[in-house]
Amino acid sequence: MANFYTDNKDLQYHLSHPLMKRIIELKERNFADAKLYDYAPQDTEDALDSYRRVLDIVGEVCGEVIAANAESVDHEGPRVVNDHVEYASGTVKNIEALIEAGLGGMTLPRKYDGLNMPVTCFAMANEMVARADAGFENIWGLQDCAETINEFASEEIKMKFLPRVSAGETCAMDLTEPDAGSDLGAVMLKATWDEEGQTWRLNGCKRFITNGDGDISLVLARTEEGTKDARGLSMLIYDKRDGGVKVRRIENKLGIKGSPTCELVFNNAPATLVGDRKMGLIKYVMSLMNAARLGISAQSTGLCEAAYREALKYAQEREQFGKPIIKFAAVSEMLKNMEAKTIASRALLYETARFVDIYKQLNHISHDRSLESEERQEMKFYNRLADGFTPLAKMFASEYANEVAYDSIQIHGGSGYMKDYACERLYRDARIMNIYEGTTQLQVVAAINHVTKGTYLEQIMRYEEEATSEATKPMFDKLVELRKLYESVVERVESMDKEAAGYKDFHARRLVEIAGYIIMSHIMLRQAREMESDYLNPTKIFVKYAIKKITEAASYIEASEGSDVELFKA
Amino acid sequence: MKKVTKIVVLAKQVPDTRNVGKDAMTAEGTVNRAALAAIFNPEDLNALEMALQMKDRIEGATVEVLTMGPQRAADIIREAMFRGADGGYLLSGREFAGSDTLATSYALSCALRKINPDIIVAGRQAIDGDTAQVGPQVAEKLGLPQVTYAEELVAINDTEITIKRRLERGSEVVVSPLPALITVNSSAKECRPRNAKRVMKFKYALATSEMAVAEDKAKAFIEERPYLHIVEFAAADVNPDPEQLGLSGSPTKVKKIENVVFQAKEAKTLTADDADINALMVELIASHTLG
Numbered sequence: 006m007a008n009f010y011t012d013n014k015d016l017q018y019h020l021s022h023p024l025m026k027r028i029i030e031l032k033e034r035n036f037a038d039a040k041l042y043d044y045a046p047q048d049t050e051d052a053l054d055s056y057r058r059v060l061d062i063v064g065e066v067c068g069e070v071i072a073a074n075a076e077s078v079d080h081e082g083p084r085v086v087n088d089h090v091e092y093a094s095g096t097v098k099n100i101e102a103l104i105e106a107g108l109g110g111m112t113l114p115r116k117y118d119g120l121n122m123p124v125t126c127f128a129m130a131n132e133m134v135a136r137a138d139a140g141f142e143n144i145w146g147l148q149d150c151a152e153t154i155n156e157f158a159s160e161e162i163k164m165k166f167l168p169r170v171s172a173g174e175t176c177a178m179d180l181t182e183p184d185a186g187s188d189l190g191a192v193m194l195k196a197t198w199d200e201e202g203q204t205w206r207l208n209g210c211k212r213f214i215t216n217g218d219g220d221i222s223l224v225l226a227r228t229e230e231g232t233k234d235a236r237g238l239s240m241l242i243y244d245k246r247d248g249g250v251k252v253r254r255i256e257n258k259l260g261i262k263g264s265p266t267c268e269l270v271f272n273n274a275p276a277t278l279v280g281d282r283k284m285g286l287i288k289y290v291m292s293l294m295n296a297a298r299l300g301i302s303a304q305s306t307g308l309c310e311a312a313y314r315e316a317l318k319y320a321q322e323r324e325q326f327g328k329p330i331i332k333f334a335a336v337s338e339m340l341k342n343m344e345a346k347t348i349a350s351r352a353l354l355y356e357t358a359r360f361v362d363i364y365k366q367l368n369h370i371s372h373d374r375s376l377e378s379e380e381r382q383e384m385k386f387y388n389r390l391a392d393g394f395t396p397l398a399k400m401f402a403s404e405y406a407n408e409v410a411y412d413s414i415q416i417h418g419g420s421g422y423m424k425d426y427a428c429e430r431l432y433r434d435a436r437i438m439n440i441y442e443g444t445t446q447l448q449v450v451a452a453i454n455h456v457t458k459g460t461y462l463e464q465i466m467r468y469e470e471e472a473t474s475e476a477t478k479p480m481f482d483k484l485v486e487l488r489k490l491y492e493s494v495v496e497r498v499e500s501m502d503k504e505a506a507g508y509k510d511f512h513a514r515r516l517v518e519i520a521g522y523i524i525m526s527h528i529m530l531r532q533a534r535e536m537e538s539d540y541l542n543p544t545k546i547f548v549k550y551a552i553k554k555i556t557e558a559a560s561y562i563e564a565s566e567g568s569d570v571e572l573f574k575a
Numbered sequence: 009m010k011k012v013t014k015i016v017v018l019a020k021q022v023p024d025t026r027n028v029g030k031d032a033m034t035a036e037g038t039v040n041r042a043a044l045a046a047i048f049n050p051e052d053l054n055a056l057e058m059a060l061q062m063k064d065r066i067e068g069a070t071v072e073v074l075t076m077g078p079q080r081a082a083d084i085i086r087e088a089m090f091r092g093a094d095g096g097y098l099l100s101g102r103e104f105a106g107s108d109t110l111a112t113s114y115a116l117s118c119a120l121r122k123i124n125p126d127i128i129v130a131g132r133q134a135i136d137g138d139t140a141q142v143g144p145q146v147a148e149k150l151g152l153p154q155v156t157y158a159e160e161l162v163a164i165n166d167t168e169i170t171i172k173r174r175l176e177r178g179s180e181v182v183v184s185p186l187p188a189l190i191t192v193n194s195s196a197k198e199c200r201p202r203n204a205k206r207v208m209k210f211k212y213a214l215a216t217s218e219m220a221v222a223e224d225k226a227k228a229f230i231e232e233r234p235y236l237h238i239v240e241f242a243a244a245d246v247n248p249d250p251e252q253l254g255l256s257g258s259p260t261k262v263k264k265i266e267n268v269v270f271q272a273k274e275a276k277t278l279t280a281d282d283a284d285i286n287a288l289m290v291e292l293i294a295s296h297t298l299g
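Protein chains in written order, with our numbering: chain A, 6 to 575; chain B, 9 to 299.
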């Protein structure tokens with residue numbers, strides 16, 4: 006019996022992080038639900054125990070059902086039948102299993118039939134689902150949309166839609182259009198108020214919509230006639246039961262083939278406004294995108310795990326020159342680096358998820374009562390960290406997913422290039438991860454502000470206040486040195502930027518990467534300190550890799566003239 | 009016309025003989041139970057699923073699990089509750105030790121007389137004994153019609169049940185009056201997974217003897233929530249003839265145990281290291297020689 010939770014000690018480690026206690030406190034609010042719901046926890050231990058048990062179910066469904074269907078789903082893919090999506094048969098089975106296991110609405114409050122679990126646990130579930138089948142993770146992970154509805158919609162809308170998500174209905178977020186991709190302010194899908202029908206009506210088309218034929222769709226549309234920018238856009242819910250949207254085609258993609266990427270035609274489709282008009286992109290989509298980016302970090306980490314395990318298994322079984330190829334230094338070094346990247350990617354993912362949990366939950370509480378000033382401080386503090394860490398987590402995890410999948414094929418040699426092994430599917434699936442929900446280049450745009458505003462530096466200084474152990478001390482000292490290097494290159498870039506406009510943009514990715522490597526190394530160091538036998542060696546390996554990457558980026562910056570900005574202009 | 013309300017699944021906790029490692033046998037040649045995980049007998053899970061399908065189709069019906077075994081067998085009742093069962097009965101006591109299939113079916117039938125179900129569903133056989141006798145024997149003792157080798161629940165109403173049976177050379181569809189006993193094959197639908205809310209709801213369920221040694225807090229918790237109490241029957245609770253229980257009620261005697269020596273046509277050389285032995289185990293399990 007394969008179980009993707011019980012076979013992964015990292016997930017169990019992260020679930021026992023000390024911040025989980027605070028998260029549970031905020032999530033359960035004095036355990037008031039215990040009197041109302043027979044499945045609500047009585048205390049912190051009880052809640053943690055329930056999380057473990059639910060993740061254990063997710064792990065089993067992933068290991069036994071979803072992973073087993075992944076190959077056939079990749080081959081079969083979804084189809085358009087009578088203007089609607091028909092999933093691959095394996096996808097249908099996956100959805101059935103998740104519904105039977107009651108895993109819809111994982112983070113939603115119990116009054117909407119949800120499981121009221123933290124974002125951190127939802128990310129763990131996402132990671133496991135992606136390890137089983139990255140394409141299916143898109144369909145499953147879109148329950149994020151329900152979180153946005155929960156955050157911004159009226160009680161009436163929540164009561165109408167959220168219990169349906171808890172019961173297993175799927176969601177979609179309809180943002181992209183042919184002329185509005187990264188630049189969502191250019192969205193043109195038209196929403197007009199129908200006085201007679203007392204509803205909004207949607208007309209126009211959307212493109213590249215993941216699970217576009219889902220039961221409940223959040224649609225970004227232009228409610229303000231005559232406007233051309235983000236300020237004219239609002240968020241609406243389209244209910245598939247109402248009809249009015251046709252699937253024109255499903256894209257033929259390189260990977261994640263089980264996930265239907267749809268072109269949609271809206272023809273007078275009725276829709277309900279969420280929250281306030283004109284806040285669609287400015288407020289709601291930004292929140293949705295942050296959640297989705299965390300989702301992609303989880304998806305990418307799950308893919309790293311799958312690709313690493315495939316490579317490890319092959320390297321142990323495949324013999325050449327009279328011994329398993331894992332015994333060759335060139336192969337084992339690759340494997341060790343893959344493992345370290347996977348653990349680091351996961352470390353950053355759950356550090357970020359914990360920050361998100363605390364601030365999101367305080368935000369929910371603030372809708373019910375005014376926060377104490379300490380709580381307000383806490384919310385602000387974690388909000389800033391979550392905003393800073395989310396693009397880092399998305400960027401590193403998705404780049405690592407590609408690197409680990411690439412190396413996984415390399416370890417398989419010629420066989421890895423054939424369709425016979427899972428690594429080729431993983432490689433194709435990984436390729437979208439550093440593209441969608443904001444390319445790596447766009448994550449850098451979000452992250453560079455936190456370089457200049459000092460979010461990363463402040464957090465690195467906090468990590469430096471944590472205790473060290475004898476075994477981690479040499480790495481810790483090195484990281485302190487590297488932090489000083491980071492400060493000096495940031496200073497250089499900022500001062501050069503005044504002379505050569507565009508210099509900061511030119512080096513933005515390098516600066517963000519340096520910050521990210523120091524941060525990931527510190528989180529790994531903490532793991533190595535707490536569980537030396539499990540994490541000391543992967544941490545040593547990761548820190549070596551980080552030093553190489555940091556010094557490479559720093560030396561590039563140090564040798565870079567202001568004239569480079571012109572040199573690289575196309 | 010009596011309405012179907014009570015469905016009981018007969019289930020057994022068994023050592024996981026499908027995942028045998030090198031510690032599976034003791035030096036004396038007996039099964040090393042400590043090294044084998046105790047699991048829900050696989051075909052009993054198929055039986056549970058079929059029972060739950062009956063419940064899905066009959067409004068107001070309940071599914072409960074009856075198991076005979078030591079205290080820890082309550083684990084499989086909890087697991088059944090996580091997957092959809094409403095509750096269960098643990099039949100436990102020293103008197104039952106050493107039961108063969110005759111004594112087991114006698115003990116179960118005594119408990120079933122007390123429970124008085126409308127339908128009994130059981131797995132075809134258990135992976136530790138492979139006899140496939142207990143289900144049919146229970147039906148005989150209770151004077152019920154039986155449908156064996158069930159693969160699919162075709163239809164059910166308050167008076168009769170229609171079942172597709174999987175036979176060696178095909179299948180057949182039979183209709184049986186109710187009450188009846190059904191034994192279910194592994195080719196039937198796999199059991200539904202544990203359900204998140206049910207796991208959270210039922211995780212603290214305890215059988216009577218487990219409650220006796222639990223902390224006061226846990227006891228108080230269960231007293232507030234009667235659905236968390238797993239009914240436990242001792243021998244005396246089911247009014248048996250003591251002579252027919254356990255060893256004294258078991259005519260089966262193991263005369264001799266022989267080690268089977270395979271006559272290998274192809275020789276294979278193994279070294280004495282753990283990796284080779286494990287690889288052999290994996291190979292034998294894969295070829296269904298073991299397990």
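Just so you know, even glycine gets a beta-carbon here, dropped at the ideal spot from N, CA and C.
Those residues which DSSP pairs with residue i across a bridge
i	result
ILE237 (chain B)	According to the sequence as given, residue 237 (chain B) is His; it is not Ile. In the DSSP output, where bridge partners are listed per residue, HIS237 (chain B) has B:LEU214.
SER179 (chain B)	B:ARG174
CYS428 (chain A)	Answer by DSSP bridge pairing: none, since CYS428 (chain A) is not bridged.
PHE48 (chain B)	B:GLN21
LYS503 (chain A)	None; LYS503 (chain A) has no bridge partner.
ASP89 (chain A)	The sequence shown places His at residue 89 (chain A), not Asp. In the DSSP output, where bridge partners are listed per residue, HIS89 (chain A) has A:VAL86.
Rounded C-alpha distance that separates residue i from residue j
i	j	result
ALA476 (chain A)	SER565 (chain A)	37 Å
ARG282 (chain A)	ASN454 (chain A)	28 Å
ASP48 (chain A)	PHE36 (chain A)	7 Å
ALA320 (chain A)	VAL456 (chain A)	40 Å
ASP166 (chain B)	GLU160 (chain B)	18 Å
PHE547 (chain A)	MET536 (chain A)	16 Å
SER100 (chain B)	ALA19 (chain B)	13 Å
LEU447 (chain A)	LYS225 (chain B)	54 Å
LEU255 (chain B)	PHE104 (chain B)	8 Å
ALA81 (chain B)	GLY106 (chain B)	16 Å
LYS341 (chain A)	THR556 (chain A)	21 Å
VAL162 (chain B)	PHE166 (chain A)	35 Å
ARG246 (chain A)	PHE333 (chain A)	58 Å
Host beta strand (DSSP E) of residue i (start-end)
i	result
TYR97 (chain B)	95-99
MET240 (chain A)	238-244
GLN154 (chain B)	154-164
CYS267 (chain A)	266-279
GLY131 (chain B)	127-131
SER222 (chain A)	221-227
8 Å Cβ cutoff met for residue i and residue j
i	j	result
PRO201 (chain B)	ALA106 (chain A)	yes
VAL279 (chain A)	ILE255 (chain A)	no
ASP425 (chain A)	PHE511 (chain A)	no
LEU299 (chain A)	GLY217 (chain A)	no
ALA345 (chain A)	TYR522 (chain A)	no
Unbroken alpha helix (DSSP H) run spanning residue i, endpoints
i	result
ASN290 (chain B)	According to the sequence displayed, residue 290 (chain B) carries Val and not Asn. Counting along the chain, the alpha helix (DSSP H) containing VAL290 (chain B) begins and ends at 282-294.
VAL361 (chain A)	334-373
ASN395 (chain A)	Residue 395 (chain A) is actually Thr in this sequence, not Asn. Taken as a continuous stretch (DSSP letters only), the alpha helix (DSSP H) holding THR395 (chain A) covers 378-417.
LYS251 (chain A)	First-last for LYS251 (chain A): 250-255, but that is the beta strand (DSSP E), not the alpha helix (DSSP H).
GLU65 (chain A)	49-66
VAL449 (chain A)	445-457
GLU142 (chain A)	139-146
PHE90 (chain B)	82-91
ALA188 (chain B)	Counting along the chain, ALA188 (chain B) falls outside any alpha helix (DSSP H), though it belongs to the beta strand (DSSP E) covering 188-192.
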